[in-house]
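Notes follow the structure.
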Amino acid sequence: MSTDYAAARETTEGKVFTVTGGDWDSVVNEAGSEERIVVNMGPQHPSTHGVLRLVLELEGETVTEARTVIGYLHTGIEKNLEFRNWTQGTTFVTRMDYLAPMFNEAGYCFAVEKLLGIEDQITQRAQTIRILMMELNRISSHLVWLATTGMELGALSMMIYGFREREYILDIFELVSGLRMNHAYIRPGGLAQDLNDEAAAKIREMLGWMPDRIDMYEDLLSGNTIWRERTQGVAVLDVTGCVALGITGPVLRSAGLGWDIRKQQPYGGYETYDFEVPTESTADAWGRYKVRLNEMRQSLRIVQQAMDRLEPGPIMIADKKISWPSQLAIGGDGLGNSLEHVAKIMGQSMEALIHHFKLVTEGFRVPPGQVYVPIEAPRGELGVHAVSDGGTRPFRVHYREPSFVNLQAIPAMAEGGLLADVIVGGASLDPVMGGCDR
């Protein structure tokens, strides 16, 4: 074969061929069967769910070694928290795992409230709305997983349907918090705003038709030969492997271990809700698909119970030393705070004005100490380790992010399998790089 097509050179890794054309079979024969092909998959690859880079070594179509390279979406959020007061922290953490912002906020606020020792003072309405928002967010996150994984495996209809239903949930979030994503809605001590009647009506409407939609997704995919071939027995990781690597969430539950922090270590009132923890025993991509579908059904059960027990009441802690000025109605011009509130702090009470100014600019002080608070996010255990030195800003906040931990499983699932199954294995972990890199 002409060297014009495949020039060879010696490197520290052995002989490397630069292939520029010609007959592929003759190139492979000249290279020898023992030669490796190293392929960069990502970070621009659409099927790596964000800016994840996989360095794959191939023997033909078989993956002999897989390495994950992360850090392309590093935002320095944890470090930024050290330069903001405790309440402002929610506007940063909500941007980490951008498909599960409510969980980022909730974990952070549970940690701050534990440091303050005020967990028992959170109002019933605030607790209920927090759970309501988290479970809606769990459904919207799983819908993105189902949509994107469907697209990667050729089920393009699922992409359209998944995003259609997610859009409805984002509309609810916008009605409640004012924003589709990155809400900063859950605050230390309670919530930024109350749940309005329009949003409540939209949630009840969704509870009417969403169960049928989930059944439709299952009818569309579960009987499809291509979907079954691509997921059953693919990307297997058993319970032993999951536990050894610290894998949690749907991946662990698809291997048969029903570990769910909402049940094992309840928080925020989850112990008062009736729901089940879906598990499968296949430990493969098919099992993870089944678990996530059933988790959406269970989340709808929790949302229904939360709506049924929603009672009128305050949504922020009564302690005015901690309670960030919220529940402020918008003025008649659609801007700023209500005139009544402005008139009170500006005209009647100098102390209220000073307190408002100090609380917003400086923030409240948190007693020295450190806590670790785990919650069950859509991807697994989301843990918040918060440290206070007694000041108005965090000394350190570190997240145990499930996407970061779960990505360790890619080599275990990919090596020895086919290149096409790397896509399925990576997708079945549902990694979000914003959360992984932070």
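When we follow the UniProt record's numbering, the leftmost residue of the sequence shown carries the number 1, and every step to the right adds one. Every residue gets a Cβ at the ideal spot worked out from N, C-alpha and C, and that includes glycine. Here the structure is a predicted model, which is why all the values come from computation and not from measurement.
Item to check | CB contact flag (R297, T279, <8 Å) | outcome: Taking 8 Å as the cut-off, the Cβ atoms of R297 and T279 do not count as close.
Next on the checklist: Given a cut-off of 8 Å on the beta-carbon distance, is the pair L419 and V303 in contact?
Outcome noted: Against a cut-off of 8 Å, the Cβ pair of V303 and L419 comes out as no contact.
Checklist entry - Nearest to G313 by alpha carbon, out of T128, A100, I247 and G233? => result Among T128, A100, I247 and G233, the Cα nearest to that of G313 is on T128.
Checklist entry - Near S323, what residues of its chain come up, given a Cβ to Cβ distance below 6 Å and the 5 sequence neighbours on each side ignored? => result In the same chain as S323, and ignoring 5 residues on each side of it, the C-beta atoms closer than 6 Å to its own belong to G189, M316 and I317, in chain order.
Next on the checklist: Check this for me: beta carbons of A126 and I410, under 8 Å apart or not?
Outcome noted: Cβ distance not < 8 Å, so A126 and I410 don't count as in contact.
Checklist entry - Just curious, the beta strand (DSSP E) that H74 is in, first and last residue? => result Counting along the chain, H74 falls outside any beta strand (DSSP E), and DSSP gives it neither H nor E.
Checklist entry - Who are H398's beta bridge partners in DSSP? => result In the DSSP output, where bridge partners are listed per residue, H398 has H385.
Checklist entry - Does DSSP classify N104 as helix, strand or coil? => result If DSSP states are grouped into helix, strand and coil, N104 belongs with the helices.
Checklist entry - Which term fits W24, buried or exposed, when burial requires 16 or more other beta carbons within 10 angstroms of its beta carbon? => result Low per-residue confidence applies at W24: pLDDT is 46, beneath 50, and the placement is therefore not dependable enough to give any value.
Next on the checklist: What does the Cβ neighbour count give for Y372, buried or exposed, with the cut at 16 atoms within 10 Å?
Outcome noted: Burial state of Y372 is exposed, judged by a 10 Å Cβ sphere holding fewer than 16 other Cβ atoms.
Item to check | Selection from E119, W86 and R130 that minimises the alpha carbon distance to A106 | outcome: Ranking E119, W86 and R130 by Cα distance to A106 puts R130 first.
Item to check | For N40, three-class secondary structure by DSSP | outcome: Looking at N40 - three-state DSSP - the assignment turns out to be strand.
Next on the checklist: Could you pull the DSSP bridge partners for Y372 from this structure?
Outcome noted: Partner(s): H385.
Checklist entry - So is K321 buried or exposed if we call it buried at 16+ other beta carbons inside 10 Å? => result With fewer than 16 other Cβ atoms within 10 Å, it is exposed.
Checklist entry - Taking the Cβ atom as the reference point for each residue, do G434 and R53 lie within a distance shorter than 8 Å? => result Going by C-beta atoms, G434 is not nearer than 8 Å to R53.
Item to check | Residue span of the alpha helix (DSSP H) that contains T91, given as start and end | outcome: First-last of the alpha helix (DSSP H) with T91: G89 to V93.
Checklist entry - Which whole-angstrom value is the C-beta distance of N137 and M102, which I expect to be below 8 Å? => result About 4 Å separates the beta carbon of N137 from that of M102, a gap short enough to meet the 8 Å contact definition.
Next on the checklist: Does G154 come out as helix, strand or coil in the three-state DSSP assignment?
Outcome noted: Three-state DSSP puts G154 in coil, outside helix and strand.
Next on the checklist: Less than 8 Å between the beta carbons of T392 and W145, yes or no?
Outcome noted: No.
Next on the checklist: Can you tell me which residues form a DSSP beta bridge with M316?
Outcome noted: Partner residues in the beta bridge of M316, as assigned by DSSP, are G190.
Checklist entry - Which runs of the alpha helix (DSSP H) fall wholly inside the segment 193-232 and span at least 4 residues, in chain order? => result List check, alpha helix (DSSP H) in window: 197-222 and 225-231.
Checklist entry - Could you check where the beta strand (DSSP E) with E59 kicks off and where it finishes? => result E59 -> beta strand (DSSP E) spans R53 to E59.
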